[in-house]
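*Asks:* Numbering (our numbering), first residue to last: 922 to 1085.
Note that CB positions come from ideal geometry on N, CA and C, so glycine has one too.
See the structure below:
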């Protein structure tokens, strides 16, 4: 809702494509193509719905970033769906202190992560979010760790997946 209200275009549903309304062309109000293939907005709604039963708070050091964090039991991972609400690309850090509390990370010295981009494809298909970065970050029970993310644009929504 925040991303839509702030005008992040990658999450709009209904619109006009080639003079045809996507609200009435078998595209489930624009979530999928008329052929039933997912669009970028479908992925955002999917991950948003996945987050509902298992959300938790995560600190982000930017007031221009909307983030929803949740634990995914099916993949035994933490996921963060986020977007840049500013007018320009930005960088920010995610505090991993709240992530560390999950038993999957209890004995870990590092967290593996994958960062996916869900670009604004408008009416075009997006078969899967695009993997743009993989790596790991050290965590410690004594020190607070953070994951720095750079070049986060305003035309995409991102999914950060973290696992052991």
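1. Would you mind sorting residue 957 into buried or exposed? The rule is 16 or more other CB atoms within 10 Å of its CB.
2. I want to know whether the segment 1031 to 1049 touches the segment 973 to 985 - three or more CB-CB distances under 8 Å.
3. Enumerate in chain order the residues of its own chain whose CB-to-CB distance from residue 1011 is below 7 Å, with the five nearest sequence positions on each side excluded.
4. Where DSSP assigns a beta bridge to residue 1013, which residues make up the other side?
5. Less than 9 Å between the C-beta atoms of residue 1034 and residue 1056, yes or no?
6. State the CB to CB distance for the pair residue 1050 and residue 1002, rounded to an integer number of angstroms; the pair is presumed to be in contact (CB under 8 Å).
7. Taking 6 Å as the limit between beta carbons, can you name the residues of its chain near residue 1069, skipping five residues before and five after?
8. Apply the 10 Å Cβ neighbour rule to residue 1041 and answer buried if 16 or more other Cβ atoms are within range, or exposed otherwise.
9. Does the beta-carbon distance from residue 1059 to residue 1030 come in below 9 Å?
10. Use the C-beta contact count for residue 1009: other C-beta atoms within 10 angstroms, 16 or more gives buried, fewer gives exposed.
11. Taking the alpha carbon of residue 1039 as the reference point, which residue from 1082, 979, 1076 and 988 has its own alpha carbon closest?
12. Near residue 1052, which residues of its chain fall below 7 Å by C-beta distance, leaving aside the five closest residues on each side in sequence?
*Replies:* To lay it out plainly:
1. exposed
2. no
3. 983, 985, 1005 and 1073
4. BP columns for residue 1013 point to 1070.
5. yes
6. Residue 1050 to residue 1002, Cβ: 10 Å. No contact.
7. 1014
8. buried
9. A distance below 9 Å separates the beta carbons of residue 1059 and residue 1030.
10. exposed
11. 1076
12. 1035 and 1037
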